[in-house]
Amino acid sequence: MERKPKRILVLVSAPKLTHLCHQKGLMSRLKTINLPIPTDNLELEKKYLEALRGYSGKANKVFGGIFREACASIRASRSLGLKIDLFVVSPRYGIIGEDDIVVPYAFSLSRLSKSEVRAISLKLKVKERLLSILKQGYDLVFLMCNKKDLLMVNDPEMGFKIEEYCNELTVFAAPSSSVGFGKGVIFHSRKYASERSALLAKMLEDLNIRRIDEY
Numbered sequence: 000m001e002r003k004p005k006r007i008l009v010l011v012s013a014p015k016l017t018h019l020c021h022q023k024g025l026m027s028r029l030k031t032i033n034l035p036i037p038t039d040n041l042e043l044e045k046k047y048l049e050a051l052r053g054y055s056g057k058a059n060k061v062f063g064g065i066f067r068e069a070c071a072s073i074r075a076s077r078s079l080g081l082k083i084d085l086f087v088v089s090p091r092y093g094i095i096g097e098d099d100i101v102v103p104y105a106f107s108l109s110r111l112s113k114s115e116v117r118a119i120s121l122k123l124k125v126k127e128r129l130l131s132i133l134k135q136g137y138d139l140v141f142l143m144c145n146k147k148d149l150l151m152v153n154d155p156e157m158g159f160k161i162e163e164y165c166n167e168l169t170v171f172a173a174p175s176s177s178v179g180f181g182k183g184v185i186f187h188s189r190k191y192a193s194e195r196s197a198l199l200a201k202m203l204e205d206l207n208i209r210r211i212d213e214y
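Sequential numbering of the sequence shown, starting at 0, is according to numbering that gives the first Met the number 0.
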């Protein structure tokens with residue numbers, strides 16, 4: 000008798016821009032209500048949610064780009080029986096579920112210093128949220144993030160290593176990010192986000208082809 004599919008966790012960076020300019024009327028709406036483009040100003044979230052009805056929605060609908068490609072790969076794998084939980088690493092929200100409601104925003108950590116990123120991570124309680132998720136018990140964890148987002152969920156210099164809380168961790172990231180992980184981590188060095196997304200899709204496809212307990 001085959002074993003039941005193992006539990007898989009996928010953590011993916013939110014896109015830098017949630018295609019604000021492609022949503023007709025959104026910028027005009029913001030001008031009308033005299034609110035700036037949503038960035039890291041989470042204290043205004045309630046006002047944004049009220050003002051941007053019709054533009055806000057579940058993370059897996061609002062976020063586009065590579066994230067949407069990852070969602071498509073995960074949906075395909077779920078349809079074949081894999082048990083996959085998807086969470087988003089977001090500079091605005093911290094770590095959120097794919098069904099959590101978000102507003103379209105434009106904010107990135109890419110130009111911030113390590114200390115600034117750490118301050119944001121602390122404010123958003125990323126470590127606490129991440130640990131609560133990992134405690135659910137996953138056999139495989141896939142982490143696909145850009146460099147600064149990785150710092151929010153893995154910060155060896157500050158004594159926090161995500162690998163210590165994972166049975167098996169596979170990371171898809173830029174080559175320079177490899178120094179943040181130990182030898183027990185499967186690290187796939189990919190410079191471009193599109194390459195990381197394609198590799199994640201391929202690995203999920205492979206899991207569907209093989210018996211999951213052989214992975």
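Even for Gly, the Cβ is constructed at its ideal location relative to N, Cα and C.
| query | From arginine 195 to isoleucine 161, what distance separates their C-alpha atoms? | reply | In the sequence shown, the residue the question calls residue 195 occupies position 196. In the sequence shown, the residue the question calls residue 161 occupies position 162. If I take the Cα positions, the gap works out to 19 Å.
| Whose C-beta lies closer than 6 Å to the C-beta of methionine 143 among residues of the same chain, with five residues either side of it excluded? | Position 144 of the sequence shown holds residue 143. Within the same chain, Val11, Phe171, Arg195 and Leu199 come within 6 Å of methionine 143 by CB-CB distance, once the 5 residues on both sides are set aside.
| said: Can you look up leucine 79 in the DSSP assignment and give me helix, strand or coil? | reply: Translated into positions along the sequence shown, residue 79 becomes position 80. Residue state, collapsed to three classes: coil.
| said: Under DSSP, the alpha helix (DSSP H) around methionine 202 begins and ends at which residues? | reply: Position 203 of the sequence shown, counting from 1, holds the residue named residue 202. In the DSSP assignment, methionine 202 falls within the unbroken alpha helix (DSSP H) covering 192-208.
| Exposed unless 16 or more other CB atoms sit within 10 angstroms - verdict on glutamate 1 | Reading the sequence shown from its first residue, position 2 is the one you call residue 1. Residue placement at glutamate 1 is flagged as unreliable, the pLDDT there being 47, under the threshold of 50; the coordinate-derived value follows with that caveat. Around the beta carbon of glutamate 1, a 10 Å sphere encloses fewer than 16 other beta carbons of the protein chains shown; the residue is thus reported as exposed.
| field | serine 89, DSSP secondary structure in three states | value | Here residue 89 is taken as the residue at index 90 of the sequence shown, counted from 1. It is a strand residue.
| task | Determine which residues share a DSSP beta bridge with lysine 57 and list them. | result | Looking up residue 57 in the sequence shown gives position 58. Answer is Ile100, bridged to lysine 57.
| query | So what does isoleucine 185 bridge to, in DSSP terms? | reply | Start at 1 with the first residue of the sequence shown, and residue 185 comes out as number 186. Paired residues: Thr169.
| query | So what does DSSP say about isoleucine 32, is it helix, strand or coil? | reply | Locating residue 32 in the sequence shown gives position 33, where the first residue counts as 1. If DSSP states are grouped into helix, strand and coil, isoleucine 32 belongs with coil.
| task | List the whole-angstrom C-beta distance separating leucine 43 from leucine 51, where the pair is believed to meet the contact cut-off of C-beta under 8 Å. | result | Looking up residue 43 in the sequence shown gives position 44. Looking up residue 51 in the sequence shown gives position 52. About 11 Å; that fails the 8 Å criterion.
| said: Mapping the DSSP letters down to three states, classify phenylalanine 141 as helix, strand or coil. | reply: Translated into positions along the sequence shown, residue 141 becomes position 142. If DSSP states are grouped into helix, strand and coil, phenylalanine 141 belongs with the strands.
| said: Tell me which residues share the same chain as leucine 139 and place their Cβ nearer than 6 Å to its Cβ, disregarding the 5 neighbours each side in the sequence. | reply: For this step, residue 139 is matched to residue 140 along the sequence shown. The beta carbon of leucine 139 is closer than 6 Å to those of Ile7 and Glu167 in its chain, skipping five residues each way along the sequence.
| So who's on the other strand from glycine 8, going by DSSP bridges? | Locating residue 8 in the sequence shown gives position 9, where the first residue counts as 1. Residue 8 is actually leucine in this sequence, not glycine. In the DSSP output, where bridge partners are listed per residue, leucine 8 has Asp84 and Val140.
| Rounded C-alpha distance that separates glutamate 204 from arginine 189 | Numbered from 1 along the sequence shown, position 205 holds the residue referred to as residue 204. Numbered from 1 along the sequence shown, position 190 holds the residue referred to as residue 189. A straight line joining the alpha-carbon of glutamate 204 with that of arginine 189 spans about 19 Å.
| Since isoleucine 151 and valine 125 are thought to touch, with beta carbons under 8 Å apart, how far apart are those beta carbons, to the nearest angstrom? | Your numbering for residue 151 matches position 152 in the sequence shown. Your numbering for residue 125 matches position 126 in the sequence shown. Note that residue 151 is methionine in the sequence shown here, rather than isoleucine. Contact between methionine 151 and valine 125 is confirmed by a C-beta separation of about 5 Å, below the 8 Å threshold.
| field | Run of the alpha helix (DSSP H) containing alanine 50, from where it starts to where it stops | value | The residue labelled residue 50 in the question sits at position 51 within the sequence shown. Residues 44-50.
| query | Quick one: Cα of serine 78 to Cα of glycine 179, how far? | reply | Looking up residue 78 in the sequence shown gives position 79. Looking up residue 179 in the sequence shown gives position 180. Cα to Cα, the separation comes out at about 34 Å.
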